[in-house]
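Residue numbers for the sequence shown, in this note's numbering: 28 to 254. C-beta atoms are modelled at their ideal positions from N, C-alpha and C, and glycine is treated no differently.
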Amino acid sequence: FGWKLHIIADCKSELPLAIEITPASVNDSILAIPLLKKLKEFYGNTFDVKHCIMDSGYDIKENYDYIMNEFHAQPIIAYNKRGSFAPPERLNERLHPICSMGYELVYWGKDGDYLKFRCPHVLGKVDCPHGSSWSSNSNYGYCLKINYKKNNRYFSFPIRSSDEWQEIYNLRTSIERCNSRLKDYLNTDNLRSAGIKKAKTFALLNCITLVAGTIAVNVTKSLPKVA
């Protein structure tokens, strides 16, 4: 029962860029693409979008494909297990590839669209009972290359679970602060409109007020002080 406000916010300014109102029962995952389309329609090339950061509610293949194909940006989306008890085949809990013995392959950099992973035994990370010759005749050891753009739900650059990936994902808290300001300082949390059009107008007025207030505060700060 009620309405749900979906927002795209800028990580730096923490201001809303595009919004959508839906019944509360609508699944979050299908709203990402309509919001991203609005972002492109409203702002064109104003923003150089490098990453699109979303929580696990938006973890569907269509969102990854749209972000990479239309924005040429990197999706940073938390993985949704959807009730599964085990990770995808040949991956571990960190969504990193594993060898036949179950050891995590060592990430060895990016080559174009490919992520490179090497045998952990050859690199001295584990002491495999089969050694390296079991999987490769080369002294270099077994090497796996994965096209992260074609396998974009599980793989990304930076790679999932890395410090760099997590650092970018942590920027998602900007949307939480944006939501908090709309609810706590304005009136979005008291939305009681009977129709969806009125509800959207109500939410838009709150967003406009937030943006206008932020501009006013920053303009005031930039004015020269008079002695």
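Proximal residues to residue i (C-beta, below 7 angstroms), its chain only, five neighbours per side dropped
i      : result
Leu213 : Asn233, Thr236 and Leu237
Gly158 : His148
Ala45  : Ile35, Leu62, Lys65, Leu66 and Phe69
Enclosing beta strand (DSSP E) for residue i [first to last residue]
i      : result
Asn197 : Asn197 -> no beta strand (DSSP E), and no H or E assigned at all.
DSSP beta-bridge partners of residue i
i      : result
His33  : Glu47
Ile125 : Glu131
Leu118 : Pro124
Sequence-distant residues of its chain with Cβ nearer than 8 angstroms to residue i (five each side left out)
i      : result
Pro278 : Absent from the structure is residue 278, since the part of the chain shown begins at 28 and ends at 254.
Buried/exposed call for residue i, threshold 16 Cβ in 10 Å
i      : result
Thr261 : Given that the chain is displayed from residue 28 to residue 254, the structure contains no residue 261 and the question cannot be resolved.
Gly168 : buried
Ala239 : exposed
Glu191 : exposed
Val246 : exposed
Ile35  : buried
Ser183 : buried
Arg204 : exposed
His99  : exposed
Glu120 : exposed
Gln101 : buried
Leu142 : buried
Close-in-space but distant-in-sequence residues of the same chain around residue i (CB under 6 angstroms, 5 per side omitted)
i      : result
Ser83  : Ala105 and Asn107
Leu150 : Val133
Boundaries of the alpha helix (DSSP H) in which residue i is found, first to last residue
i      : result
Lys176 : Where Lys176 is concerned, there is no enclosing alpha helix (DSSP H), given that its DSSP letter is neither H nor E.
Leu237 : Ile223 to Ser249
Residue i: CB within 8 angstroms of a non-hydrogen atom of the ligand HEM
i      : result
Gly151 : As presented, the structure is devoid of all ligands, the ligand HEM included, so that no description of it is given.
Which runs of the beta strand (DSSP E) spanning at least 3 residues fall entirely within the region 37 to 115, listed in chain order?
43 to 50, 78 to 81 and 101 to 104
Run through the region 128 to 198 for me and flag every whole alpha helix (DSSP H) of 4 or more residues, listed as ranges in chain order.
190 to 196
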